[in-house]
Each structure stands twice: as C-alpha cells, then as structure tokens.
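Colleague:
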Amino acid sequence: SQQGCDPFAQTQRSKLQHRRARINQQINKEMRMRAGAENLFRATSNHKVKETVALELSYVNSNLQLLKEELEELNSSVDVYQNDSESISVPMIPLGLKETKELDLLVPLKDLISEHYGEEGILFEKEIKEFMELRQAMRTPSRNEAGLELLMEYYNQLYFLDSRFFPPTRSLGVFFHWYDSLTGVPSHQRALAFEKGSVLFNIGALHTQIGARQDRASLPGLNQAIDAFQKAAGAFNYLKENFSNAPSLDMSAASLNMLVRLMVAQVQECVFEKMTLLRSQCDFLTQLQLAQEAARVEDVYSLVHQTMTQAHVKDYVPFSWTTMVHVKSEHFKALSHYFAAIALCDCPVTSDAELPEQEKAFIQFHVTMPEGPSLRVLLQDPEERRKLGKAHLKKAIMKHEEAMRIHGLCKILRKMDILQEVLSFAHKRSLSKYSEIDHEEDFFETGDAPDIHPKTHQKPEIKPPNFSQVKVTDLFHRLGPLSVFSAKTKWYPARRVHLMRGENGFGFTLRGDSPVLIAGVIPGGCAAEAGLKEGDYIISVNGKDCKWSKHAEVVQLLKSTGEEGVEIGVITLQGTEGPKAADKKAAAMSLGSGMLKSNKENSRKSLMNSKSASTLLVWNKKSKRSKKSTYSIPFTAVGDNEAMY
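Residue numbers (the numbering used here): 427 to 1071.
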C-alpha cells in the first residue's frame, strides 16, 4: 500500500496549519469588535463614550497589527524548505501545501454501488479502503519525485472516481474540506472539482519546495531548480485555466496569476545564476550579456511586485513575499548597472577588428543612447569608457542602497541573514569598484547612466503537468467497462435468461467486445422467445462474469453449452428500448451527453486509451470527443465482427 512519506513534515505543517487557523479566528474576532466599536463611535454623541470607544479602537487596531505580523511570520517560514549547502544562494519563495481533513467514503460508495450498479457494496470494501489509503498517503508527500508521483497517482484515480460515482444529477453527499495555503481558512465543497483542484495546487506547491531546496551553486542543482519552478508555473497555470469559482482565495484567478508570475521570475533568476556560473571570463560581450540578463530578472520581479500589490491580492499575500520580490527587483537593477560598468572599465579597449561586433551589441544595449560621443569613439577611448562606467556604478550603488533599505523594513526578512549577506556583498563590491575608477582630479559631473535593455538567452517555459507519466489502473475495474458501467449511464436491473439452442442456433447476432452487445434478435427464434432484446449487453454466461470478455470468449462459452441450454445475464440500458436503439445510444453519447456545462470540469479522455495519453485532461466546456473516447460505444469500431449465432 502507498505510504505518505514524511510524518515529521506532516506534524510540522499541521502545527503551522493549526496556528494559522487560530490566528485567523482571533483576527476575525478583533475585526468584529472593531466593526462594533466603529458603529458605536459613529452613532454616539456622548463625548465621554466617544473617548472610551476611541481608546478601545486603538487597542483593537494594534492587536490586529500584531496578529497580522504573527500570521505573516508563519506564512514566510521559507527556511523550512531551503537547501543545506554551504554556498550562498539568494533564498527562493516556496509554498506550503494545502491541508485537508480526513474523508470516509466507505458508506457512501458502498451505498452507490448497491443502488446504482446493483452489486453487493460489501464486496468492494477492499477497493474503497485502498482508495482511502491512497488519499491518506497523498496528504503527506515527500519533497521529491516520489512525492510528486503519489499526488499524480491520486489525481489520476480521481478521474475514475468521478466517472464511476459522481452522476451529473445527484451529489454523493460528502464534503471535501481543504485549508487555504496562505490564510489557513478552511473551505468545503461537494464538487469533486474542488478536490482535484486542491491536489493540483499541491502538485504546484511541492514543485516550489523541490525548487527551493536545490543547491544552486552547481549546474545540476540550477537545472533542477529551473525545471521545478517551470513545472510549478505550469501546474498553477493549468489550475487557473481549467477551474473556476474555487471557494478559497489561494485558488482564485488573481492569486494563481500572481503565483505563475512569481515562479517565472524565480526561473529567470536561476537562468541569470546559471549564466554567471558558465561565463566567468571577463570579455566585453559576456559582461554586456550578464547586464542584460540581470535587467531581465529585474523586469520580471517588477511585474510580480505590481501583481502582488493589486487591491484584491495584497491583503493575503505575506508582506515578506512582497518585500522580498521588491528587494530582488532593486537588487537585479543594481547588478545590471554593475556589469555594464565592468564591461566598460575592466575589459580591454575595443580593437579595430572587434569594433563592428562590439558596436552592434552596444547599440542595442541601452534603453536610450548614452550622452556624449558616438559609440565608435566611446568604445575606443578609455577615458570615455571610464566616464560612462562611473555613471553606471553611481546608479548601481543607489539601487543597492534602495534594496537594503526595503529589506530593512520587513522584520522577517531582517532575520534572513543570507539575503542580508548577498545584498551587502554586492553593495561593497560596487563601492570598491567605484573608488578604484574614481580619480581625485575628476572635475566632470557624473552623468545619469541610461537603463539597460532587458534580454535573456533562455526564456522560461510554463510546463503543464504531464498526467500520463504516472499510469494508474482503475481501482473499481470490477464494476465493468466504463463505456457502459459509469455514473451517468442508467440501466434496468440485470435479468437472467435461460436459453436453449434451436436448430438455427440461438437466434441472435452479437457485436463488439467488453461488454458484448446483442445487435439483432431474429423474430420467432429462441432468443426472442426467451425475452432477449436488441441492445441488451451480455454480462454473464452460466454465472461467469463477462463484462470485460472479448467477443470470441463469449462465443466460445455459448458454443460449449449442451442439451441443458445456457443461462445468460443481460442488462438493458434505460432510454434505449426499441429498434436501432444501440445506434441512438451511440449518437447520444457522441453528443457528449452528461458533460458538466456549468463548470469547466473534467471531460478527460479514457486513461485506458494510451493513444490519447497526451490529452489526458481537457476540461473545457465544449469537449471535442475523439472517436476512441471512453464514452463511445465499443462496437462502433468493430462492425465487421458481427455474426449470427
């Protein structure tokens, strides 16, 4: 059976979760008190009462402030997920997993199996328990590939659970409870979409934790971090595009949009780090490239900062996240100016041979042209290069100082020594370069250096989840092929029919596999006499279950009957009685009946159909069905094996 992988992480996270929820309750209580006090303050004209209420209000407000800071500190416990390497890497932002309550499906599923499928619910206890064990395990995935596979496996099982037990017309009557990963507030819904969406959110969150744990001082570590953050962006983006109306804030479109952008920015930062690792040589073009990469990182973090400070997002995004993103945008802007200065001051002056290539690169380097002589003159004149370099360093130092100032405003970030170290190292490096190129006799006013044009050699990809990489088999396989035995198909109770073979055989034609269909009944023949109808499915022969049997197997069982005849179990689908009913059924199914029109829910193609594995999840409103979808009647493809028996 599946194991949840990390009980210690579970206890750590549960503690965080309970503390989050408790602080939220206190915040709500204070908010109610504040609302009451404000109403009283507005309503009363008594001076004395007004004074007392004003005092009470100031208490409530400072309490709220403290509670929010405490919640803040919990939400940004990023250190739990950072790597243990010695080298300095700027911390990344990982997300905590959503917590869920236990779920007991034993009774509701057993009831549905006996009501809808006409089978003994008790005979499926093993499968139901196995499903519940898988759900229990996926609550505590380990922070590695095995943990991701566990979440994927559960996610893929939900497709089968949906097809088997969630009819479009009625609810299973169970609630799925999940906590918001940012605020700790619990939500619940009956819709299975909420369960799927929450698991998908956790797949994204687990990728962020794996990304944040990598040792980014080495190339393999950087590549793994890039991969993890790209997959996190893909999971959040997939969630945003395929689920709507989530009951919790962390899964709202605005929130997911912010998370996708944050992950893209973290990828871009890793790309910059990768470049500094690979391009250590000090040549002019490399330094220009580094400056442009840094400008690109600044660009994407500025966008994330804008997204985080929007009205409906800023209230629940941890202040430390917003601050860290702001700090990074200033820090990378400073770095872009620093590398520009290095290119100009530390690299050899351009020779005539190098001029065309370097001039071409330099033309596209600045957002606006630097003042002063033409680029050709500038590149070949050491003094002009020093002047522009000095202007870039002046700007770098201003930006380093701004980054350090913003960092100092956030109590939680102040405790993060690593970030502090990185900022102060970069600041000192720019200062020492400035004093090195600064001449005492400089009488010119250092100009304002133009900003650097952002450019990257590796664009971040948003990698959607590949659900087909984790193969699962339907736990409730024994109920029969999904093409017929699904939650949205209705049939009359199974009938047992005793059939003797006449001189012209049984008097019916059979078609298709799993389950085999009675395609035609000859009037006056044995089958007609026994009450078999066109469109019936054969589910057993002489007590042997034939729901999954191939055409040839059923024929073999029928042929081996002797004088005493054969007992056949059949079912008739509701709404398919009458001539050519089977064709009507096929037509109805190809119209995509039973799809959820309201929610962009899961109309995923059959998992068993490996050919369509790449399109495992298309949850759009109007699904264009492939001919091989789960729902198409199995015999449509095999009309040629129809035969008389």
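Where a beta carbon is used, it is the ideal one built from N, C-alpha and C, also for glycine.
Could you tell me which uninterrupted beta strand (DSSP E) segments, each at least 3 residues in length, are contained entirely in the segment 556-611, listed from first to last along the chain?
Modeller: DSSP runs (the beta strand (DSSP E)) wholly in the segment 556-611: 602-605.
Colleague: Buried or exposed for Lys700, please, with buried defined as at least 16 other CB atoms from any protein chain shown within 10 angstroms of its CB.
Modeller: Buried.
Colleague: Can you tell me whether DSSP reads Leu1043 as helix, strand or coil?
Modeller: With a pLDDT of only 33 at Leu1043, under 50, the local geometry of the prediction cannot be trusted, and no value is derived from it.
Colleague: Kindly give me the distance between the Cβ atoms of Leu804 and Arg811, rounded to whole angstroms, as I take these residues to be in contact under 8 Å.
Modeller: Correct: roughly 7 Å between the Cβ atoms.
Colleague: Only counting the same chain, and skipping five residues up and downstream in sequence, which positions put a Cβ closer than 7 Å to that of Ser728?
Modeller: So the list reads Ser755, once near-sequence residues are dropped.
Colleague: Can you confirm whether the segment 527-539 touches the segment 883-892 when touching is taken to mean that 3 or more C-beta pairs between the two stretches lie within less than 8 Å?
Modeller: Contact between the segment 883-892 and the segment 527-539 is absent, because fewer than three Cβ pairs lie under 8 Å.
Colleague: Does the CB of Asn649 have a neighbour CB from chain C at under 8 Å?
Modeller: No chain C appears in this structure, which consists of one protein chain only.
Colleague: Cutting at 8 Å between CB atoms, please list the residues of its own chain near Thr470, excluding the five before and the five after it.
Modeller: Here the set comprises Lys476, Val479.
Colleague: Does the beta-carbon of Ala679, which I'm using as the reference point, lie nearer than 7 Å to any heavy atom of the ligand GTP?
Modeller: Within the structure as shown, the ligand GTP is missing, as the structure has no ligands at all.
Colleague: So Ser777 is in the beta strand (DSSP E); what residue range does that whole segment cover?
Modeller: First-last for Ser777: undefined, no H or E at that position.
Colleague: Cβ of Lys841 within 8 Å of Cβ of Phe911?
Modeller: No, these two residues do not count as a Cβ contact at 8 Å.
Colleague: Three-state secondary structure (DSSP) at Trp747?
Modeller: Helix.
Colleague: Looking at the strands, I want to know which residues DSSP matches up with Ser613.
Modeller: The partner list for Ser613 (beta bridge, DSSP) reads Trp604.
Colleague: Starting from His833, trace the alpha helix (DSSP H) in both directions and tell me its first and last residue.
Modeller: Segment 808-834, the alpha helix (DSSP H) holding His833.
Colleague: How would you label Asn454, buried or exposed, when you count the other beta carbons within 10 angstroms and need 16 or more for buried?
Modeller: Asn454 should be labelled exposed.
Colleague: Indicate the three-state DSSP secondary structure (helix, strand or coil) for Gly462 in the structure shown.
Modeller: In this structure, Gly462 counts as helix in the three-state DSSP scheme.
Colleague: Going straight from the alpha carbon of Asn628 to that of Lys552, what length do you get?
Modeller: Cα to Cα, the separation comes out at about 27 Å.
Colleague: Taking the alpha-carbon of Val981 as reference, which of His924, Leu943, Glu955 has the nearest alpha-carbon?
Modeller: The candidate whose alpha carbon is nearest that of Val981 is Leu943.
Colleague: Taking the beta strand (DSSP E) that Arg937 belongs to, which residues open and close that run?
Modeller: 934-937 is the span of the beta strand (DSSP E), which, as asked, contains Arg937.
Colleague: Cβ of Tyr585 within 8 Å of Cβ of Leu626?
Modeller: Result no, Cβ atoms of Tyr585 and Leu626 do not sit closer than 8 Å.
Colleague: Quick one: what's got a C-beta closer than 6 Å to Pro907's C-beta in the same chain, skipping five residues either side?
Modeller: The answer, listed in chain order, is Ser940.
Colleague: How far does the alpha helix (DSSP H) with Arg687 in it reach, from first residue to last?
Modeller: From DSSP, the alpha helix (DSSP H) with Arg687 extends over 679-704.
Colleague: Could you have a look at Arg922 and say whether DSSP puts it in helix, strand or coil?
Modeller: Note: Arg922 maps to strand in three-state DSSP.
Colleague: Pair every Cβ in the segment 570-578 with every Cβ in the segment 943-955, then say whether three or more of these pairs are closer than 8 Å.
Modeller: Flag = no, the segment 570-578 and the segment 943-955 do not touch.
Colleague: At which residues does the alpha helix (DSSP H) containing Ser728 begin and terminate?
Modeller: Element bounds for Ser728: 710-734.
Colleague: Short of 7 Å in beta carbon distance, which residues of its chain neighbour Ser975, apart from the five on each side in sequence? Order them along the chain.
Modeller: Answer for Ser975: Ser940, Val942, listed in chain order.
Colleague: Assign Glu719 to buried or exposed, taking buried as 16 or more other Cβ atoms, counted over all protein chains shown, within 10 Å of its Cβ.
Modeller: Buried: at least 16 other Cβ atoms inside 10 Å.
Colleague: Which residues share a DSSP beta bridge with Thr526?
Modeller: Beta-bridge pairing links Thr526 to Trp604.
Colleague: Out of Val723, Gln715, Phe745, His752, which has the shortest C-alpha to C-alpha gap to Gln732?
Modeller: Among Val723, Gln715, Phe745, His752, the Cα nearest to that of Gln732 is on His752.
Colleague: Alpha carbons only, please: which of Glu559, Gln1000, Ile449, Arg921 is nearest the one belonging to Val967?
Modeller: Checked all of Glu559, Gln1000, Ile449, Arg921; the closest Cα to Val967 is Arg921.
Colleague: Per DSSP, Trp917 forms a beta bridge with which residues?
Modeller: In the DSSP output, where bridge partners are listed per residue, Trp917 has Leu999.
Colleague: Once DSSP output is grouped into helix, strand and coil, what is the label at Asp962?
Modeller: In the structure shown, Asp962 sits in coil (DSSP, three-state: anything other than H, G, I, E or B).
Colleague: Quick check on Ile768: does DSSP put it in helix, strand or coil?
Modeller: It is helical.
Colleague: Distance, Cα to Cα, Ala672 vs Ser607?
Modeller: Approximately 13 Å, taken between the alpha carbons.
Colleague: Which two residues bound the contiguous beta strand (DSSP E) that contains Ala737?
Modeller: From DSSP, Ala737 is part of no beta strand (DSSP E) but of the alpha helix (DSSP H) over 737-740.
Colleague: Among Asp537, Phe467, Lys666, Gly933, whose alpha-carbon lies nearest the alpha-carbon of Leu958?
Modeller: With distances taken between Cα atoms, Leu958 lies closest to Gly933.
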